[in-house]
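Structure first, commentary second.
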Amino acid sequence: MTPEHDRSRSPAGRSGLPELLRAHRRAAGLTQAELASRAGVGVRTVRDLERGRSVRPQRTTVELLATALELAGATRAAFLATARGAAGGESPRPDVISGTLGVGAGVTSTAGAARAAARVALPPPVALIGRDRDVTELAGMLTAERGPRLVSLVGLAGVGKTALALAVAHAAARAHPGGVAGVLVGEGSDGPDVLAATMTVLGAARLPELVARLAGRPALLVMDAVERAPGPVAETLHRLGIVLPSLRVLVTGRHPVGLPGERVWPVAPLEVPPPDAEHSGPATLGSWPAVALFTARLAQVRREPPTPDELPALAALVRRLGGLPLAIELMAARGRLLDLTELLDRYGDRVLDLTTSADPAARNRWDGPEAATRRPYATDATRAAVAVTLRDAVATSYRLLAPDERDALRRLAMFGNRWSVELAEEMLADEADRDGTVAIDPVPLLDRLVELGLLSVRGTGPFRFRLLDAVRDFAIEQAVGSGELTCVRRRHAEVVARLVARTASDLAGPRMLDAVHRLDEVSSDISTALAHAATDDPLTALRLAACLPRWWRFRGRDVAGRQWLRRLLADPRTVDADPILRGWASLGVARLAAEHGAEVDELPTARAALEAFRQAGDVTGELEARSVLGALLTTVGGHDEAREQAEAVLRLAARNGRTRELAVAQNSLAWHEIRVGDLVAARRRLAAVDRLAAEGGEQRLRVLAWANRAEVSRLEGRYADAVDQGRRAASALFELGDPGHRRRVLGTVGLALAQDGRATEATEVLTELRAGGAEATVVVPGQQWVERVGLPRPRSDDTVLSWGGPEAGICALIEGNLALHRGDRELAAEWFAAAAEAGHDRRDVVEALVGLAASTSDPAVLDRLDRVCEESGIRLLPQESGLLYALMAARGGSVER
867 MTPEHDRSRS PAGRSGLPEL LRAHRRAAGL TQAELASRAG VGVRTVRDLE RGRSVRPQRT
927 TVELLATALE LAGATRAAFL ATARGAAGGE SPRPDVISGT LGVGAGVTST AGAARAAARV
987 ALPPPVALIG RDRDVTELAG MLTAERGPRL VSLVGLAGVG KTALALAVAH AAARAHPGGV
1047 AGVLVGEGSD GPDVLAATMT VLGAARLPEL VARLAGRPAL LVMDAVERAP GPVAETLHRL
1107 GIVLPSLRVL VTGRHPVGLP GERVWPVAPL EVPPPDAEHS GPATLGSWPA VALFTARLAQ
1167 VRREPPTPDE LPALAALVRR LGGLPLAIEL MAARGRLLDL TELLDRYGDR VLDLTTSADP
1227 AARNRWDGPE AATRRPYATD ATRAAVAVTL RDAVATSYRL LAPDERDALR RLAMFGNRWS
1287 VELAEEMLAD EADRDGTVAI DPVPLLDRLV ELGLLSVRGT GPFRFRLLDA VRDFAIEQAV
1347 GSGELTCVRR RHAEVVARLV ARTASDLAGP RMLDAVHRLD EVSSDISTAL AHAATDDPLT
1407 ALRLAACLPR WWRFRGRDVA GRQWLRRLLA DPRTVDADPI LRGWASLGVA RLAAEHGAEV
1467 DELPTARAAL EAFRQAGDVT GELEARSVLG ALLTTVGGHD EAREQAEAVL RLAARNGRTR
1527 ELAVAQNSLA WHEIRVGDLV AARRRLAAVD RLAAEGGEQR LRVLAWANRA EVSRLEGRYA
1587 DAVDQGRRAA SALFELGDPG HRRRVLGTVG LALAQDGRAT EATEVLTELR AGGAEATVVV
1647 PGQQWVERVG LPRPRSDDTV LSWGGPEAGI CALIEGNLAL HRGDRELAAE WFAAAAEAGH
1707 DRRDVVEALV GLAASTSDPA VLDRLDRVCE ESGIRLLPQE SGLLYALMAA RGGSVER
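When you line the sequence shown up against the numbering used here, it's residues 867 to 1763, in that order.
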C-alpha cells in the first residue's frame, strides 16, 4: 500500500489520529511492536490505528497509548482530543511531524490555554559564543520593513545553525505580534505533514483559519533541518508565502530551500587564533571565540582551567578543529580523562574520526537547545545505530555536489590556508591548459560551496576564502582514494610558485610591504608546496625557493631558507636547470648567509652567481650580485674589494638608469666613508640616498639611510641625535619587517645611550638584543612602550643568535661603555675584549680595541689596534684619538691612524 493509501483524512483534508500517533511513535523511537508492548495492547491495534482502519478507538486504548508515549500537558490533551474527534467525526489538528520546537512539556494543561499564553512557542535560547554579530544582523534583517521573507541558515553539520536560529528568533520576537513558533522536520515527511505541523505550531487547524488568526500581523516561523524533506518544505513555504504575506520564515539546513527571494546566510565556524597566539597570554588567547567555547565546555568536565603549559596545545587544537562548534565540544568532552597536550597528540590527526550523533534530538545538546522530542524508550542498540563520525557528517554535504564540483573541491583542498579567486582559477584550470590560458570562472563553484557550508569567506582582502578544516581533510582523503593526490599536489606547487614569482619583484621596491604581507598570507602553502615539490618536482621547488630569499630574510627565516636553497641546488635533477635560475638561487644562499654569520662560506657562491649573470648579460642579476657580494666582503673584512663592488654598482646603475640601485650603491659607499672616518662624505652620500629613495618611492632605502645617519651622529659624539634618529629608524624597520637591519640600528641606539650615560635605557636595549628580537622595548624619558615583532618564534634550526652572533659584539660594546661610565675599568676591559673577539664589523672591532686600550693602558692593545687599522684601512675618529692621547704619548707613537 502506498503512503497515500495508507493515510486517513477527514473530509476537509485535515490530518487525524493516524498521522499524530505515527508521529509521536517515531519521535519516541519506537516500533509498532515496542509501542504495543509498552501500552499493553495488540500490535494489530497500533497498526490499524496508524493505517486509519480503526476509526473509533476505545478511550482506554488511547489513554494507554498516551501513557506509553509519555505525553503530558497540552500535548497529551491534544492527542486525546484528536482521538475523540476521530471517534466523533472531527479531526482536530495534530501536534507534530517528527517533533516540534515549542509544543510539548512546560505549557498549560489545555491546548487553547497554551496557544493563548505562549506567544513565543520556542525553547529558550542557549548561550552563544562568538555569534553576537550574526544574531544582531539576522534579527535586524527579519524585523526590517523591507527585509526578506525567507532566510536560510546553511552550513555543515555541527556548525551551530539551530542554536543561532533560536537566538535570532527570540531576539526578533517583539517585532512579530502574530507569534513565533518552530518545527523540526522529520525524515520522510511529505507536504501535508509539513503543512499540518506548521498549522499546529502557529495555532490553527486549517490554512484559512491561520490567515484569519494572523490578520496581517507579522509572525515568525522557525523550520529546522529542512534538508530532510527539501521538496515538501519548499512546497509548503511557497504555499504559505502566497496566502500569508506577513509571515517570515527562518530555516536551517545543509543547503538553501531554493525559493525566489530567499536570503542565504552561511553559518561559518568560530574564529580561531592565528599561529603563535598562545604566546600572547591566556586572556588574549581566550578572547578568540573558538578558544572561549572550548574552555567553557572543558570547565563542564574538569575543574582546572588550562595551564600555561597547555596553552599551545589549546590553540593548536581549536585551529585543527577548524572552529567547528560540534568538533570543539566533542573534543573538550574528552578532557575529562586527558590533558590538552594528550588530546592534541592522540586526536590532532584524527579529527574526522570524532564521533557525534545523526539524531537531532541527541545532537541538539551540541547544535541547539534541549530537544523538544524525546526518545525515552530508545535502546542502547538504537543509540549505537545513530552514532556517526564527523567524517560521515562531511560526507553528507560532499554527496550533494556534482561530480565536477567534487573534483574541484579535491583540488582546492590542497590550499592549507586562505586563498583568492585568482588562485582558485589557476588551480582549477584544465590539465591541458596548465598555464591557465583559457580562464575558467570559479565564482559559481565557490558560491555553491558557500551555500553548502563547505567554504568559509572572511575579511575583505583577496585572500579571504578557506575550506573548513574537516572538509579539507575529507577532500584530501578522497583525493588519496582516487589516486590523484600526487597530481594535485604538483599542480598546487606550480600555482604557488607562479604566485611567488609574480610577487618577488615587489619585495625590493616601494610595494614591498604589500608583497611581504601577500606572502605572509600564503606562508603555510609556500611551506607545503616546497616540501612536496622538493621530492616530486625539484625544478618547480627551485623556481619557488629562488624567489623567496628576501621574504625569508625579512621574516627571520634565513637559516631554513639557506638550507632549502643549498639542498635544491645540490639535487642532481636541477643541475641542468636554466643558469639564470641557478644564479638567483645561489645569490639567495649568499644573501641569507649574511644574516647568521656564514659570510665566509658563501663568498664563492656569490662570485659564481655574479659570473653567471655577467655571462648572460643580465643587468638586474649583476647589480644584485655585486651588492650582495659587497655586503659579504664588508662583513669578512674585505673592505677595499667591497668598496670596488659598490662603485661598480654605481657605474652600472647610472649607465642603465636604475635609480634604486644608485641609492643602494650610495648607501653602501656611505659605510665605507664611515670606515675611513670621513663623516662629512658619509653624510653627503646619505643625503643622496634619501633623495634618490624618495624619488623612487623606496621607503625601506630611506629608512636604512636614517639608520646610517644615526650611526654617523653617534660617531660624531651627538648621542641625543643618534638616539632619536635610531629610534625613528627602528620603528620604521619594525613596520617594514626587516629584523636584521633593525637589530643593527638598535645596537646603534644602545651604544649612543651607553656613551651618553643613560644606563637604564641602554640596559633595556641590551635585553631586547639578547632576546633575539622577540620583543622590542623602546624607552623614552618618562615614557615606555613595547612592540611585539611579528616573527616566528626561534627554533633550534632557525634562530638568529642573540649571543655569539652578529649582536654579540654590539652587546659587549654597550656593556663595556656602561662599565666605563661607572668607573669599573676592570669590567669594562673584560667587555671590550669580548667585543673585539666577537665583532663582525671591523669598525666595531676598532671601537672595541680603543675602549680596551683606554680601560687597561696596555701598549700591546695599541699594537693590535695598529694592525687592525692597517689591514682594514680604518682611521680613528677625533674622539677616539683623544681617548687614547695620553697612552699614545707615553708609548711615543702618533695618535693618528
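Quick reminder that beta carbons are idealized off the backbone N, C-alpha and C, glycines included.
Counting only residues of its own chain and dropping the five nearest sequence neighbours on each side, Leu1177 has a CB closer than 7 Å to the CB of Glu1144, Pro1148 and Leu1151.
In this structure, the CA atom of Leu1278 is about 13 Å from the CA atom of Phe1329.
The beta carbon of His1042 is closer than 6 Å to those of Pro1084, Ala1085 and Leu1086 in its chain, skipping five residues each way along the sequence. A buried status is given to Gly1021, since no fewer than 16 other beta-carbon atoms sit within 10 Å of its beta-carbon.
By the 16-neighbour rule on beta-carbons within 10 angstroms, Asp1090 is buried.
When the alpha-carbon of Leu1183 is set against those of Leu1164, Leu1209 and Pro1174, the nearest one is in Leu1209. If you ignore the 5 residues before and after Leu1379, its C-beta comes within less than 7 Å of the C-beta of Leu1602, all in its own chain and listed in chain order.
With a 10 Å radius around the Cβ and a threshold of 16 neighbouring Cβ atoms, Ser1348 comes out exposed. Here Val909 has Gln898, Ala899 and Ala902 as same chain residues with Cβ atoms under 7 Å from its own Cβ, once five neighbours each way along the sequence are excluded. Just so you know, the alpha carbons of Ala1336 and Ala1459 end up roughly 40 Å apart.
The criterion of a C-beta distance shorter than 8 Å is satisfied by Leu1632 and Gly1616. Here Val1025 is near Pro1191, since their CB atoms are less than 8 Å apart. DSSP, reduced to helix, strand and coil, places Gly939 within a helical segment of the structure shown. In the pairwise beta carbon analysis, the stretch 1711-1727 is classified as touching the stretch 1676-1687: at least three pairs are separated by under 8 Å. If you compare the alpha carbons of Glu1510, Ala993 and Asp1296 with that of Asp1270, the shortest gap goes to Asp1296.
Excluding sequence positions up to five before and after His1104, its CB lies within less than 7 Å of the CB of Leu1125, all in the same chain and listed in chain order.
For Val1425, the enclosing alpha helix (DSSP H) has its first and last residue at Asp1424 to Ala1436.
Bridge partners of Met1378 according to DSSP: none are assigned. Assignment of Trp1154 by DSSP, reduced to helix, strand and coil, places it in the coil class.
The beta-carbon separation of Leu1718 and Ala1695, rounded to 6 Å, stays under the 8 Å limit for a contact.
In this structure, DSSP gives Arg1072 a state outside helix and strand, which the three-state scheme calls coil. By the criterion of a C-beta distance shorter than 6 Å, Asp1604 is surrounded in its chain by Phe1420, once the five residues flanking it on both sides are discounted. Looking at the DSSP output, Trp1285 shares a beta bridge with Phe1331. Put simply, the backbone Cα of Ala1395 is about 8 Å away from that of Arg1356. Burial of Leu1414 is indicated by the presence of at least 16 other C-beta atoms within 10 angstroms of its C-beta. Under the three-state reduction of DSSP, Leu1016 is assigned to strand. Here Ala1381 has Thr1369, Asp1372 and Leu1373 as same chain residues with Cβ atoms under 6 Å from its own Cβ, once five neighbours each way along the sequence are excluded. Taking C-alpha positions only, Glu1075 is separated from Leu883 by approximately 20 Å. Annotation for Gly1119: no alpha helix (DSSP H) segment contains it, though the beta strand (DSSP E) segment containing it runs Leu1113 to Gly1119.
Under the 10 Å beta carbon count, Thr911 is surrounded by 16 or more other beta carbons and is classified as buried. In the DSSP assignment, Val986 forms a beta bridge with Val1046.
Remark: C-beta atoms of Arg1457 and Val1425 do not approach each other more closely than 8 Å.
The beta carbon of Asn1533 sits closer than 8 Å to those of Arg1551, Leu1552, Val1555, Leu1567, Leu1570, Ala1571 and Asn1574, all from its chain and outside the five residues before and after it, given in chain order. Val1569 sits in a helix when the DSSP states are folded into three classes. Counting along the chain, no alpha helix (DSSP H) covers Pro1172, and no H or E run does either.
When DSSP states are grouped into helix, strand and coil, Thr1221 belongs to the strand group.
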